[in-house]
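To keep things clear, I will list the structure first and then write my remarks on it.
Residue numbers (my numbering), protein chains in the order written: chain E, 1 to 554; chain Z, 555 to 1108.
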C-alpha cells in the first residue's frame, strides 16, 4: 500500500454520555496521538462505583505507537483518567498542555504517586511534531483558563478539534479565542472538524464571563453580613472576579473546601489567580474580622453533601457557619442529576433565613460552552469538509449535526458516532471506520475493572430489597439437619417479622423433607432453602430480598 | 373553659418536602376535619421503599372526632393515602370532593378492595356543616379539572385554604376560579390563609392552559408521520387539547399506558374529556391507519423507565414503535429528580431521529401552580390577618412568606412551619401550637411501617458495597472448626478475588485462634469472624462490604 493511502483513524474511546468527550485516539500508520484522558462520575445506574474511566485497551494494545498525549484543558472529564493510563503504560509518554493544566494535573500525579511524568508546556501557536502528526495549539476560552483547540495535520488530511469552548470576547485574563488561527486553518483547509456540542440545543450566544462580574460586585457590595460564594474550584476566572469584587469593597477572602484550597493555591502559584497575600485569611482566623469584611469562597455549588457549603449550611463545618444576616451566592447551575441536592441545600439555607442568590436571581453564572450562534461561527470560520459533533449526549450531537448541515456541510459528510464507532480519513476523504472495542471501565474499591452487569444488578437488588442469609448444617452420616440460622438485613419490617417467626422452621422442614428422599445433593438442598424462603416471603409479604443459601455438611 | 376560648388547631401531617401538602387536620373541640390525604414517592434517600404516607397517628388517635375528609383535587399527592387511611379507620367517614376527583379516587378504592366508601359530591358554592365547621367549596383552576379551594368557619375564626391552584382566566372547560367567592370571604374576614407555595419563587403570572393549545395544534398539524404526545394522565385539559387538535386535522387518537387508559376512561365517562368514540382507536388497530392520521397519547413524560414512551423509544412496546418520520411531544417539565430520566429518553429519541418537541422548543407545557403575581392577587383578595404558606419546600415557603409581608400581613402574623409544628387559633388570633407527632411512614413490601433508619442505612450500604456472608460451624465438644463457608454478592472484583483466595482461611484461622483460648463465646467468635474479614478486605482492597457472620455450634 503506497504511503498516501494510509488511513488516519479517529477513534473516540469511553463516552458513557458524550462521544469524543473523555478521550479520542488519532492513529496514522505507526503513530498515535491521544487527545484528553478524562473520567466520568457514576450515578444511580452504577451503584457503589467510585469512578468511570474510558476503556483504553486499544491504546495499551498499540502502546508502541503512542507518541504523545494532548490535554485540551484542566477539567476532570478531560484529565481524570491520566494517572490510571500512565500507570498502565510501560514507558513514559509526553503530555502536552498549558502551564495551568499541567499544574492541576501535577496534583493528581502526586496523589497517585506518579513520579517524573514527561510533561511539556505549550502555549498559543506552539507547533509540535509527533511522528506523522504536526499539531498546532490555539487559545480557546472556557470555564477554566488556558484551554486549547488543536489543529492537526497528517499525510491523510487535517483535523481541527475545538476542545471545550465558548467564544468569550472579553475574557477575564484577556486571552481571547484565537480567531485568527482558526480562520487561517480554515483557509488552509480543514478536512474534519470535531466540535463541542454541550450547548448545541441552546439558541444565541453564551454571555461572556465578564457578565457575571457586575452582579457579583453588586451583591457583595450591598451585603450586610458575611458573603459565601460557592463556585467550581477550577473556574479560576470566576474566583478572580469574586476576589476582585471582595477586595474592591474592603473584604478579606477566606477559602474553604479541599479542592478550592488546592486549586486557588496552584492558580496563585502559577500566576493565574491574582490576589494579595494580605487579602486572604485562614478560616480559623475569620472570627477576628467583622462579618461585613468577609467573603468566603467555598466548594459545594453542586450540592455535594460533604462539601464546605453543605457542612456550613447544616452547622457541621469545623470553623464556619452561616447566619441569618449572611448572604450566599450559588455561582453555578446544577449539572443534570444534581438538581435535588442543590435544592436541598437551598432549603437548609432558607431555614437559616440568609439571603440566597442563585441563577434565578441574577447573572451569577454563565455557561462555559458555546451556544448555537457560536457553534455556527466556528463552522463558518473552520469551513470543514467533514464534521463530527463531539462532547454531548445524543440529543446534543444531533442538534449540532443539524447546525453543521445548516452551515453547508453536506449531510453525508456529517458523522454522529455512537460508542464503538470510529472514522477514518484517506486522501482527505472521511468515512466510517471499523468498530473498536470501546466503552468504559469502573474504578470500584480502588481497582479498575470491567463493567460487570451482574455485580451492579446484585447491588441494585440488595439496595432495594435487602438480603437474607440462610445457613444450614447437615450431618453426612445421620442424614439429618444439625443446625439452621436465618438472618436478614435491610428487610421490610413485615419480612423481618415473618423471618423471625417462621424462617428457620420453613428452612428446616424443607431440608428435612428433601433429605428424606434419595440423599439430595448439596446443590439441591441449596435450591430448596432458597425456594422455601422466597415462596414464604413472596406469599406473605410480597417482598423479594436476595437470598444467600449456605449448606454445610459435617 | 368557656366555649369561645376553645382553640382551632391547624395540624399539618406528613410533609416530607412540603408542609401542609399531603394532609392537614383541623380540630375544634370534639370535631376534626381532614383536608387531603396524599402520598409522596421515594427517592434515593429511601431505597426500596414503595410509597411514603403522612404519619396520621394523630388522626387515628382522635378518630371519634373525625367528621369528614375533604379532597381538594385528584392528584396523588392529595389522594394517594386515602385507601390506607380508610382501611385504618374503624368507621366510615364521609369524603367530600368533586365528581371527577371522586371518580379518580374510586379507582384506588377498587384496587385496594375498599367497599362502599361514603363519598359525597360537592360543587362550586356547596356549603357543608361538619360539627363546629361550616365549610364552603369554591372553584379553583389547576393542572387537573374540578379543583377546589375551601373556606372554613368555626367559632374560633375562619380559615381559607387555596388548595393547589393557578389563576387561569381562560380554562379549557370554562370553569374559572371563583374570584367572586374569594373576594366575598375576604370581605367577610379571613383570619388565616393557607396558600399554595409551589411557584412562589417564580415571578409573573403563570400562563393559561389555553396557551399550550396553539403550539400543540401547530405541531400536530404540520407533522409528517405519527405524533406521540406524552403528558400527565391526570391533566385532562391537556388531553382535551391534544384530542381537539388531533380531531381538527383528521387524526385518530390512540391511548397507551396504564394510567392514561384509566384516566381517559374515567374522564370520558364523567363528561370531563370529550372525544367521539369514532375518533379513538385501539393500539392494536393502529397499523390499519396511515401514519399521518394517528396521534398517540401516552404516559412517560417524566421519563419513567417502564412507561409507554420509554418502551416505545427503546422498541420494547408491545404494539407501537417510533420511527424517524414521527414526531414526539413531551408535554411536561421534569419534576426535580427526574431530569436525567427525561434526558435519557430524549437521547433515545434523538438516536431514532424523530422530531422532538419539549418545553425548550415551544409552549407545549405550562405549570399548574400560581406564580408570584397570582399569589399576591390571592393575598390581596383574601386579605388574611394571618398567613401560613403551604405546599412547598423550605425555599418556596420562605419566598411566599416574603410575598405575604409585601402584601401587608405583619411579619409576626406569618408562620412558616416545619414538620411537627402546628398552629392554633383562639378568638381570631393565631399563634404557634404544641408539637404534634408528625412525619411520615413508609409502604415497604406491601405493609405500612415506621421509617426505620437502620433498614435504610443497611440498604444503602448493601447497594453500594455488597454483602459477605461467613458461616462457621464449630464443634461443641472438640472445640474445633468443622466447616467454613464464605460467600459474597455485589462485591468489587478485587474483593471477590481476595475472598475466593483468602477469605475462608482468614475466618478459619481467626476462629481457631479464638477457640484455643478459654472457650470463646459464640458472640466473640462472631465478632472475630467479622473483624478478620473486614480487616482483610480493607487492607487489601479498600472496600467495606456488609459482613454477616453466622456461627453455629453442633
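Cβ coordinates follow ideal geometry from the N, Cα and C atoms, glycine included.
Buried versus exposed, by CB contacts within 10 Å (16 or more), residue 522 of chain E: exposed
Beta-bridge pairing of residue 23 of chain E - partner residues as DSSP gives them: E/13
Beta carbon of residue 648 of chain Z nearer than 8 Å to that of residue 693 of chain Z: no
Chain-ordered chain E contacts of residue 1037 of chain Z [CB-CB under 8 Å]: 473, 552, 553 and 554
Chain E within 8 Å of residue 752 of chain Z, Cβ atoms only: no
Minimum C-alpha distance to residue 704 of chain Z - residue among Z/612, Z/829 and Z/578: Z/578
Through-space distance from residue 332 of chain E to residue 947 of chain Z, alpha-carbon basis: 21 Å
Residue 287 of chain E versus E/307, E/298, E/259 and E/252, residue with shortest Cα-Cα distance: E/252
Bridge partner(s) assigned by DSSP for residue 28 of chain E: E/8 and E/31
Other residues of its chain near residue 538 of chain E: CB distance less than 7 Å, five sequence neighbours each side excluded: 544
Cβ distance (whole Å) where residue 47 of chain E is taken to contact residue 1018 of chain Z below 8 Å: 6 Å
Burial state of residue 224 of chain E, where buried means 16 or more other Cβ atoms lie within 10 Å: exposed
Whole-angstrom distance between residue 432 of chain E and residue 255 of chain E, CA atom to CA atom: 49 Å
Under 8 Å between C-beta atoms of residue 557 of chain E and residue 426 of chain E: With chain E running from 1 to 554 in the structure shown, residue 557 of chain E is simply not present.
Residue from E/28, E/484 and E/414 with nearest C-alpha to residue 156 of chain E: E/28
Residue 681 of chain Z vs residue 673 of chain Z beta-carbon contact at 8 Å: no
Proximity to residue 162 of chain E [Cα-Cα], best of E/13, E/197, E/189 and E/385: E/197
Length of the line joining the Cα atoms of residue 498 of chain E and residue 525 of chain E: 22 Å
Neighbour-count burial assignment, residue 307 of chain E, 16 or more Cβ in a 10 Å radius: buried
8 Å Cβ cutoff, residue 1 of chain E in contact with chain Z: Residue confidence for residue 1 of chain E is low, a pLDDT of 48 falling below 50, so the modelled location carries little weight and cannot support an answer.
Option in E/466, E/398, E/103 and E/237 with minimal Cα separation from residue 1100 of chain Z: E/466
Touching by the beta-carbon criterion (3+ pairs, under 8 Å), the segment 766-783 of chain Z and the segment 916-928 of chain Z: yes
Straight-line gap, residue 555 of chain E to residue 137 of chain E (C-alpha atoms, nearest Å): Beyond the ends of chain E as shown, which are 1 and 554, falls residue 555 of chain E; an answer cannot be given.
Contact list for residue 469 of chain E against chain Z, beta-carbon separation under 7 Å: 1023, 1102 and 1104
Buried/exposed call for residue 1 of chain E, threshold 16 Cβ in 10 Å: Caution applies to residue 1 of chain E, whose pLDDT of 48 falls short of 50 and renders its modelled position unreliable; the value that the coordinates give is listed next. Exposed, by the Cβ-count rule.
Any 3 or more C-beta pairs closer than 8 Å across the segment 893-900 of chain Z and the segment 727-745 of chain Z: no
Residue 447 of chain E vs residue 1047 of chain Z beta-carbon contact at 8 Å: yes
Residue from E/298, E/249 and E/290 with nearest C-alpha to residue 259 of chain E: E/298
Three-way DSSP call (helix, strand, coil) for residue 90 of chain E in this model: coil
Rounded separation between residue 872 of chain Z and residue 55 of chain E - CA only: 35 Å
Proximal chain Z residues relative to residue 558 of chain E, where beta-carbon distance stays under 8 Å: Not covered by the structure: residue 558 of chain E. The range shown for chain E is 1 to 554.
Beta strand (DSSP E) segments (min. 3 residues) lying fully within the segment 676-763 of chain Z: 681-684, 687-694, 701-708, 711-715 and 746-750
Proximal chain E residues relative to residue 1012 of chain Z, where beta-carbon distance stays under 8 Å: 466, 489 and 490
Any C-beta of chain Z under 8 Å from that of residue 365 of chain E: no
Chain Z within 8 Å of residue 449 of chain E, Cβ atoms only: yes
Nearest-angstrom Cα separation, counted from residue 868 of chain Z out to residue 469 of chain E: 37 Å
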